[in-house]
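Under the working numbering, the letters of the sequence shown match residues 31 to 224, in that order.
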Amino acid sequence: MMQASKRAMLVAGVLGLALVQGCATKVKATATVNPAPAEAFSAYGRIAVKPVRVASGQRANQSGVAKIQANLDKDLANALADWNKRAENGRSLVIEPVIEQMEFTHGASRVLFGPLAGSSGVLMRLKISDALGNQVASPEFFQRADAWAAGFVLGVHDNLMLTRVANLASEYIIANYSVAKGGPTGADIKAVRN
């Protein structure tokens with residue numbers, strides 16, 4: 031009888047470990063810090079931010095993409111209006127947000143399965159170029175929502191992850207307007223791809 035209970039405990043432990051390992055997101059960043067752009071964004075007379083799009087060949091939750099778009103719009107609306115009031119200088123900057131990877135657990139999945147639904151993660155890149163298509167910067171922004179933390183608050187962390195990634199991107203754009211200085215990706219060392 032004792033042998034059977036030990037075996038059952040071992041099987042339960044191995045299955046539990048397998049479930050926990052399955053919870054980790056595969057979304058990874060490439061760095062913890064974004065380099066400075068080629069020049070400060072104030073050198074451009076017009077700055078346009080395109081709508082968020084998903085990289086070709088990738089799948090992303092559309093409600094997650096819409097939440098990122100809404101936060102970028104809210105964060106940048108006043109700054110873009112002020113910047114584009116200046117006199118035209120013949121130079122324009124185009125900023126294109128691209129979701130390169132997204133794992134987003136939300137709604138019923140999170141409520142029903144909690145942490146077993148897995149972690150969420152998002153990696154977004156800003157393709158920043160001049161009117162001729164020359165790259166000015168290509169910063170990336172990463173955020174994740176741990177399965178256990180998100181599971182216990184029924185998905186609040188999943189949604190906050192989307193807000194945080196948009197905030198990081200907006201802060202980079204605003205911070206590099208006057209002086210080209212780069213900024214954080216939002217990733218810690220554990221989130222960087224080896």
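Just so it is clear, CB atoms sit at the ideal spot from N, CA and C, and this is done for glycine as well.
What you are looking at is a predicted structure, and each value in this text was computed from that prediction instead of being measured.
Do residue i and residue j have their CB atoms nearer than 8 Å?
i           : j           : result
residue 57  : residue 151 : yes
residue 221 : residue 172 : yes
residue 102 : residue 199 : yes
residue 125 : residue 204 : no
residue 82  : residue 127 : yes
residue 169 : residue 213 : yes
residue 78  : residue 122 : yes
residue 133 : residue 88  : no
May I ask which residues mark the beginning and end of the alpha helix (DSSP H) holding residue i?
i          : result
residue 98 : 92-113
Ends of the beta strand (DSSP E) at residue i?
i           : result
residue 127 : 122-133
residue 219 : Taken as a continuous stretch (DSSP letters only), residue 219 belongs to no beta strand (DSSP E), as it is neither H nor E.
residue 157 : 150-160
residue 165 : 165-167
In whole angstroms, what separates the C-alpha of residue i from that of residue j?
i           : j           : result
residue 67  : residue 94  : 27 Å
residue 218 : residue 115 : 37 Å
residue 96  : residue 118 : 31 Å
residue 189 : residue 162 : 36 Å
residue 72  : residue 207 : 5 Å
residue 194 : residue 33  : 50 Å
residue 155 : residue 112 : 24 Å
residue 224 : residue 63  : 15 Å
Kindly identify the DSSP beta-bridge partner or partners of residue i.
i           : result
residue 116 : Looking at the DSSP assignment, residue 116 forms no beta bridge with any residue, so it has no partner.
residue 189 : BP columns for residue 189 are empty, so no partner.
Between residue i and the ligand ADP, is there a pair consisting of the residue's CB and a ligand heavy atom that are separated by less than 7 Å?
i           : result
residue 216 : No copy of the ligand ADP occurs in the structure displayed, which carries no ligand at all.
Is residue i helix, strand or coil when you go by DSSP?
i           : result
residue 78  : strand
residue 73  : helix
residue 33  : helix
residue 196 : helix
residue 205 : helix
residue 68  : coil
residue 173 : strand
residue 59  : strand
residue 213 : strand
residue 83  : strand
residue 181 : Legend: pLDDT at residue 181 = 42, less than 50; position of this residue unreliable, value from coordinates given subsequently. Residue 181: helix per DSSP, three-state reduction.
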